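Following my numbering, the numbering of the sequence shown begins with 1014 at its first residue and continues without gaps. Here a beta-carbon is modelled for each residue, glycine too, at the ideal position from N, C-alpha and C. The model shown is predicted, which means the values in this text are computed figures rather than measured ones.
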Amino acid sequence: MAKKTAKKKAPAKKAAPKTKKAVKAKQAAPAKKKAAPVKKKGVKKKKATSRSRAGKEIRLKAYWGVFNQSLKRVALFEFNERKQADKKAAELGKSGKSPHFVQPVKEAIDS
């Protein structure tokens, strides 16, 4: 069986206004233009400024760290104890597996 297709009807035309007043009003309507909105002159408000808090200063202290090849810290010495840090690195390097080295380290101090 074949399907029947329904034909769509064209939209019906609107009836023309019958009275003379309605005709004049319809013709005059497109000629009217909307006036631009009137801007009011007034005092402009300042935008509220947000106060930014001063960030806490983080104080750092320098140390000498002895590290192995995989960058694991093995020992930690005060900054004025560089010679002792070098000795420790030399001792660990002699033991065999991997050489050790000394590098400065900065850590935060609690105040």
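Residue(s) in a DSSP beta bridge with residue i
{"i": "residue 1120", "result": "1074"}
{"i": "residue 1091", "result": "1076"}
{"i": "residue 1086", "result": "1080"}
Cβ neighbours of residue i in the same chain (closer than 8 angstroms, five flanking residues each side left out)
{"i": "residue 1097", "result": "1090"}
Backbone CA spacing between residue i and residue j [nearest angstrom]
{"i": "residue 1088", "j": "residue 1103", "result": "12 angstroms"}
{"i": "residue 1126", "j": "residue 1059", "result": "Residue 1126 is absent from the structure shown; the chain starts at 1014 and stops at 1124."}
{"i": "residue 1055", "j": "residue 1067", "result": "36 angstroms"}
{"i": "residue 1081", "j": "residue 1094", "result": "19 angstroms"}
{"i": "residue 1018", "j": "residue 1049", "result": "51 angstroms"}
{"i": "residue 1086", "j": "residue 1064", "result": "42 angstroms"}
{"i": "residue 1114", "j": "residue 1099", "result": "8 angstroms"}
{"i": "residue 1123", "j": "residue 1057", "result": "48 angstroms"}
{"i": "residue 1101", "j": "residue 1108", "result": "11 angstroms"}
{"i": "residue 955", "j": "residue 1062", "result": "Limits of the chain in this structure are 1014 at one end and 1124 at the other, which puts residue 955 out of reach."}
Candidates the options: closest to residue i by CA position
{"i": "residue 1119", "options": "1084, 1111, 1106 and 1072", "result": "1072"}
{"i": "residue 1121", "options": "1101, 1050, 1070 and 1110", "result": "1070"}
{"i": "residue 1110", "options": "1052, 1083 and 1018", "result": "1083"}
CB contact flag (residue i, residue j, <7 angstroms)
{"i": "residue 1075", "j": "residue 1117", "result": "yes"}
Contact set for residue i: own chain, Cβ-Cβ below 7 angstroms, skip 5 residues either direction
{"i": "residue 1032", "result": "none"}
{"i": "residue 1092", "result": "1075, 1076 and 1077"}
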